[in-house]
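Asks: Residue numbers for the sequence shown follow our numbering, so the first one is 525 and each next one is one higher. Ideal placement from N, C-alpha and C gives every residue a C-beta, glycine not left out.
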Amino acid sequence: MNHAISGAAAWVAVTGAVPLLATGVYPLDPVGVVAGATVCAGAALLPDADHHSATISRSVPILGPLTARTIGAISGGHRHGAHSPVAVLLVAAAAWALAALTVPVDAIGRFDPGTVAIGAGIGTAALTAFAVKARDLVESWLTAWLAGIALGLFIVVVAPEQVAWFPLAVTLGFVAHLAGDALTTGGLPGLLWPWVPRPPEIVGDIPVLNRLWLPNGYLALPLLGDTGSWREKAFGGLLTLYCTLGLGYELLRLVGADQLLSRLNL
C-alpha cells in the first residue's frame, strides 16, 4: 500500500468539510486541511524507517540509511517495534515535544512574531519532503526538500496558528500506516509488543482464526491480501480518488468559491 495516500486520506476524513466524505471530527480551515494532509502523508511513512530501502532512508545521503539501520536494529527489524503501540506513543510524544519547541524572535519593522515554532517547522519540512517524494510529485530529493522547507516556513511564519494540529497530524499518519499493514497478510506484532505470544497449535486448524492470529504471533485482518496485491492497489486507487475530491473541495473553499459550492449543493 502507498502509505502516504492513506495518511492524507485519514487527515481529510478527520478534518475536512466536504459533505458526506468527511467526518469533521476535528474541523480545520482549508489551509489546515491541505497542509495537514501533506504532513500526515509524510508521517504515514515513518513506521517503515525500520527498513533500509524505505523512502526515508533515501532522503539524506549517509544520514538517511544510517538512521534506518539504527531504527531497524533497535526495534528488532522490519514490522517489529516500529510497528507497535509503543512506537505510536513515542512518536506522539516526540511530535508534541517538537510542537512545543519555540524560539523568541525580535520584531522586524511591523512584523513581530514573538516566538517561532521552529520544531513544528522542521518537522513539517521533513515530513512534506517525504510525502511529495513518495508520491513522485517531484523528481529529486532537492526539490522535495525545497518544497518541505517552503511549507515549514509558511506554517511557522505566515500562519503560526496552524501549528496546533501538527502533533495530531503526525500521530494520525503513523497510525494510518499501521492500520494499512494490519489489513495485509503480514499483520502486526500486536498490542503487547515486545511480547508477541504465538497461538496454540489448535488455532492453526481453525479456519478464519488462523488467518487472524498468525503462527508467528502477529495479528492481521487480511482484507487486502498480500502486500502489493491487486486488492491493495485498488484500495490505494480509491484512497487517491477520495483525497482528490476532498482536497479539491478544500482548495475551492480556500479561494472563496462559496457561491459555486452552494450552486452545486456541496
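What's the gap between the Cα of V720 and the Cα of L743?
Replies: Roughly 9 angstroms separates the two Cα atoms.
Asks: Please classify T639: does DSSP put it in a helix, a strand, or coil?
Replies: The answer is strand: DSSP assigns T639 an E or B state.
Asks: Tell me whether the beta-carbon of G556 lies closer than 8 angstroms to the beta-carbon of T539.
Replies: Yes, they are a contact pair.
Asks: Under the three-state reduction of DSSP, which class applies to V584: helix, strand or coil?
Replies: In the structure shown, V584 sits in coil (DSSP, three-state: anything other than H, G, I, E or B).
Asks: Quick one: grab the DSSP three-state call for W620.
Replies: W620 falls in the helix class under three-state DSSP.
Asks: Start and end of the alpha helix (DSSP H) containing P554?
Replies: Run containing P554: P554 to A567, per the alpha helix (DSSP H) assignment.
Asks: Residue range of the alpha helix (DSSP H) that V699 falls in?
Replies: It spans F690 to A706 - the alpha helix (DSSP H) in which V699 sits, taken as one unbroken run.
Asks: Smallest Cα separation from E685: which of W717, A668 and G645?
Replies: E685 has its Cα closest to that of G645, out of W717, A668 and G645.
Asks: Does DSSP put V549 in a helix, in a strand, or in coil?
Replies: In the structure shown, V549 sits in coil (DSSP, three-state: anything other than H, G, I, E or B).
Asks: With distances taken from CA atoms, which of A567, V680 and P723 is nearest I642?
Replies: Among A567, V680 and P723, the Cα nearest to that of I642 is on V680.
Asks: With DSSP as the reference, label P723 as helix, strand or coil.
Replies: P723 falls in the coil class under three-state DSSP.
Asks: Between the alpha carbons of L702 and L712, how many angstroms are there, rounded?
Replies: Near 8 angstroms, if we compare the C-alpha coordinates of L712 and L702.
Asks: Considering only C-alpha positions, which residue in the set G770, L776, A781 and V779 is nearest to G561?
Replies: One point to set straight first is that residue 561 is Ala, not Gly, in the sequence displayed. That would be G770, whose Cα lies nearest to the Cα of A561.
Asks: Give every residue of the same chain whose Cβ lies closer than 6 angstroms to the Cβ of V549, excluding the five residues on either side of it in the sequence, and list them in chain order.
Replies: Counting only Cβ-Cβ distances below 6 angstroms, and skipping sequence neighbours, we find V538.
Asks: Measuring CB to CB, does F698 end up less than 8 angstroms from V615?
Replies: Contact: yes.
Asks: I'd like to know whether the C-beta atoms of A559 and L675 end up nearer to each other than 8 angstroms.
Replies: Closer than 8 angstroms, so yes.
Asks: From the DSSP output, in three-state form, read off P628 for me.
Replies: It is a strand residue.
Asks: Distance, Cα to Cα, G531 vs A565?
Replies: Cα-Cα distance, rounded: 4 angstroms.
Asks: Out of V779, G714 and A683, state which residue places its alpha-carbon closest to the alpha-carbon of V640.
Replies: Nearest of V779, G714 and A683 to V640, Cα basis: A683.
Asks: Is the distance from the Cβ of G672 to the Cβ of T652 below 8 angstroms?
Replies: Result yes, Cβ atoms of G672 and T652 sit closer than 8 angstroms.
Asks: List the endpoints of the continuous alpha helix (DSSP H) containing Y766.
Replies: Run containing Y766: W754 to L778, per the alpha helix (DSSP H) assignment.
Asks: How would you label S664, buried or exposed, when you count the other beta carbons within 10 angstroms and need 16 or more for buried?
Replies: By the neighbour-count rule (16 or more Cβ atoms within 10 Å), S664 is not buried but exposed.
Asks: Hey, could you find the ends of the alpha helix (DSSP H) I673 is sitting in?
Replies: Unbroken alpha helix (DSSP H) run through I673: W665 to L677.
Asks: What separation, rounded to the nearest whole angstrom, lies between the Cα atoms of P543 and V779?
Replies: Those two C-alpha atoms are separated by around 18 angstroms.
Asks: I'd like the list of long-range same chain contacts for I791, defined as Cβ closer than 7 angstroms, with 5 residues on each side in sequence excluded.
Replies: Outside the displayed span of the chain (525 to 790) sits residue 791, for which this structure offers no information.
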